[in-house]
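Since the structure comes first, as structure tokens, the remarks are kept for the end.
Numbering (UniProt numbering), first residue to last: 1 to 270.
Written out as structure tokens, the structure is:
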């Protein structure tokens with residue numbers, strides 16, 4: 001007996017267009033799930049198993065709608081329209097709602113900007129941001145991404161991963177680009193920092209992503225001790241407190257501990 005996986009109309013037949021839509025979604029999922037700088041048609045052929053002529057038609061349609069982009073060299077990645085739609089979805093995400101109270105408390109306690117970020121498509125994506133009440137603010141926005149190696153949230157996420165093979169895949173896919181003179185230059189430096197973070201329980205961005213901005217990060221883990229999100233505090237260097245541990249690090253780690261316990265109780269899928 002064969003059971004259809006597609007929605008059916010009143011006659012029991014699959015709804016017209018459902019099979020094609022499913023193919024489009026499989027291709028989008030394959031592109032979104034890639035940890036590297038982009039995917040090729042050959043990558044997609046191996047991943048989803050469709051003939052290349054079919055993939056070319058699907059990719060052309062997705063490009064036309066702005067759902068994916070050609071990143072150069074026939075490498076395809078997620079496009080601005082899809083990221084915009086994702087940002088709207090983030091506004092109502094369960095994880096964002098669960099974390100909001102702690103984020104507000106952390107922002108109010110430190111008087112600095114706090115971010116909530118999750119891993120998406122080989123980078124960390126901001127799903128919430130609470131601005132500092134002070135004059136100088138951050139340029140980041142919901143849906144924008146930062147790298148694993150230059151951001152406090154990215155490094156905190158990598159350090160919290162218990163699956164070393166997955167972590168090595170993520171690091172292996174990184175193309176290290178210098179954003180400032182302080183940006184980590186390669187995997188050896190990143191792995192050394194990961195070891196330090198594992199020991200101390202928090203990460204740092206020492207003007208590595210943006211000059212004159214210092215950040216602390218920490219991971220939120222689920223009931224299986226897997227990192228599902230990370231929180232950061234971003235501080236302009238000119239007003240950073242003398243006692244950084246008491247002012248930023250301890251409140252940040254406490255907030256992540258509370259949220260990790262909350263996620264374990266609620267069993268929320270990020």
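Quick reminder that beta carbons are idealized off the backbone N, C-alpha and C, glycines included.
Where the beta strand (DSSP E) through residue 221 begins and ends: Looking at the DSSP string, the run of the beta strand (DSSP E) that includes residue 221 is 213-221.
Figure out for me which residue from 126, 235, 252 and 180 has the closest Cα to the Cα of residue 113. Among 126, 235, 252 and 180, the Cα nearest to that of residue 113 belongs to 235.
Cross-strand partners of residue 146 (DSSP beta bridge): Answer is 124.
Which of the three DSSP states, helix, strand or coil, is assigned to residue 198? DSSP places residue 198 in the helix class (H, G or I) of the three-state scheme.
Which value, in whole angstroms, describes the spacing of the CA atoms of residue 244 and residue 71? Spanning the two alpha carbons is a distance of roughly 40 Å.
Determine, using beta-carbon pairs with one atom in the segment 199-217 and one in the segment 162-173, whether at least three such pairs fall under 8 Å. Touching, no.
Sort 146, 133, 31 and 122 by Cα distance to residue 116 and report the nearest one. Ranked by Cα distance from residue 116, the first of 146, 133, 31 and 122 is 146.
Counting only runs that start and end within the UniProt domain "HTH iclR-type" (18-80), where is the beta strand (DSSP E) found for 3 or more residues in a row? If we require 3 residues or more, the beta strand (DSSP E) runs fully inside the UniProt domain "HTH iclR-type" (18-80) come out as 68-70 and 76-78.
Nearest candidate by alpha-carbon position, reference residue 203, set 101, 132, 76 and 159: Among 101, 132, 76 and 159, the Cα nearest to that of residue 203 is on 159.
Does the beta-carbon of residue 155 have 16 or more other beta-carbons within 10 angstroms, so that it is buried, or is it exposed? It is buried - the Cβ of residue 155 has at least 16 other Cβ atoms within 10 Å.
On the three-state DSSP scale, how would you describe residue 181? Three-state DSSP puts residue 181 in coil, outside helix and strand.
Tell whether a beta-carbon distance below 8 Å holds between residue 102 and residue 255. Contact annotation: residue 102 and residue 255 have beta-carbon atoms nearer than 8 Å.
Just the C-alpha distance for residue 178 and residue 45, rounded to the nearest angstrom, thanks. Near 33 Å, if we compare the C-alpha coordinates of residue 45 and residue 178.
Is the segment 184-193 touching the segment 122-131, taking contact as three or more C-beta pairs under 8 Å? By the criterion of at least three beta-carbon pairs nearer than 8 Å, the segment 184-193 is not in contact with the segment 122-131.
Which same chain residues end up closer than 7 Å to residue 257 when comparing Cβ atoms and leaving out the 5 residues on each side of it in sequence? Cβ neighbours of residue 257 within its own chain (closer than 7 Å, five residues either side excluded): none.
Contact belief for residue 214 with residue 222 at Cβ below 8 Å, rounded distance in angstroms: Rounded, the Cβ-Cβ distance is 28 Å, inconsistent with contact.
Here's the rule: buried if 16 or more other CB atoms are within 10 angstroms of the residue's CB, otherwise exposed. What is residue 34? Residue 34 is buried by the Cβ-count criterion.
Which of helix, strand or coil DSSP assigns to residue 108: It is helical.
Please confirm if the segment 19-39 is in contact with the segment 52-64, defined as three or more CB-CB distances below 8 Å between the two stretches. At 8 Å Cβ cutoff, the stretches touch.
According to DSSP, is residue 94 helix, strand or coil? In this structure, residue 94 counts as helix in the three-state DSSP scheme.
Which runs of the alpha helix (DSSP H) spanning at least 4 residues fall entirely within the segment 153-182, listed in chain order? DSSP runs (the alpha helix (DSSP H)) wholly in the segment 153-182: 164-172.
Through-space distance from residue 77 to residue 31, alpha-carbon basis: Roughly 6 Å between the two C-alpha positions.
Contacts around residue 82, its chain only, beta-carbon distance under 6 Å, and the 5 residues preceding and following it disregarded: Cβ within range, chain order: 67.
With H, G and I counted as helix, E and B as strand and the rest as coil, what does DSSP make of residue 251? Three-state result, residue 251: helix.
Rounded separation between residue 139 and residue 151 - CA only: Rounded to whole angstroms, residue 139 to residue 151 spans 14 Å at the Cα level.
Count the other C-beta atoms from every protein chain shown that fall within 10 angstroms of the C-beta of residue 92, then say buried if there are 16 or more, exposed otherwise. Since pLDDT at residue 92 reaches only 49, below the 50 mark, its modelled position is unreliable, and the value read off the structure follows with that caveat. Answer is exposed; the Cβ neighbour count stays below 16.
Who are the near neighbours of residue 129 in its chain, counting only those whose CB is closer than 8 Å to its CB and skipping five residues on each side? Excluding five sequence positions before and after residue 129, the CB atoms of its chain that fall closer than 8 Å to its own CB belong to 113, 114, 115, 116, 138, 140, 141 and 142, given in chain order.
Judging by CA-CA distance, which residue of 263, 197 and 231 is the nearest neighbour of residue 225? Closest option to residue 225, Cα to Cα, is 263.
Quick check: the Cα distance between residue 259 and residue 253, rounded to an integer number of angstroms? Just so you know, the alpha carbons of residue 259 and residue 253 end up roughly 10 Å apart.
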